[in-house]
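Quick note: the sequence shown, position 2, residue 48 per the working numbering, numbers continuous.
What follows is a set of notes on a single structure, which appears directly below.
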Amino acid sequence: MKAIKRFILFILILILIVVLGVTGYGYLYYKQTISKTPLDTKINDIRSEFTYVKKGQLPDYYLNAVVAVEDRRFYSHGPVDFIGIVRAIASNIRQQSLKEGGSTITQQLAENLYYINHDDPVKRKIAEGFTAIDLEKKYSKDEIL
């Protein structure tokens, strides 16, 4: 019985080390990316484009449709929706494919701002999460939408 407990403890410690390593890897990428072009600069650049549309200029039915399709719990969770991530993982396992994502609207904005052309999905997702946290610290949900 002691051997089984030690083996389980070893596996848990190994998983923790891997998770911390991957998170650190993504965090460093996020810091490098943000240091090149700060978030406020990116947002100001977008707001100065002639194609920028303020939320108030869009019909409510359009905004409601976007939230319903992309992130139905957008206003009730933080920058990263862990329930959505678990749901997407479970769905992908059931479907045996990677068809469903668990990104929030805030994470999608982070991806579009910085990580759209990045190939490493794990590093990108971690970096998106940290960028999403920054976005929600500085901007309201309505500004993000």
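Here a beta-carbon is modelled for each residue, glycine too, at the ideal position from N, C-alpha and C.
- Looking at Leu-85, His-164, Ser-143, the one whose alpha-carbon comes closest to that of Lys-183 is Leu-85.
- With respect to the 8 Å criterion, Ile-92 and Thr-152 are not classified as neighbours on the basis of their beta carbons.
- A direct Cα-Cα distance of roughly 28 Å separates Gly-130 from Val-99.
- In this structure, Pro-125 places its C-beta atom within 8 Å of the C-beta atom of Ala-178.
- Scanning Gln-154, Thr-79, Thr-69, Asp-106 for the CA closest to the CA of Glu-116 turns up Gln-154.
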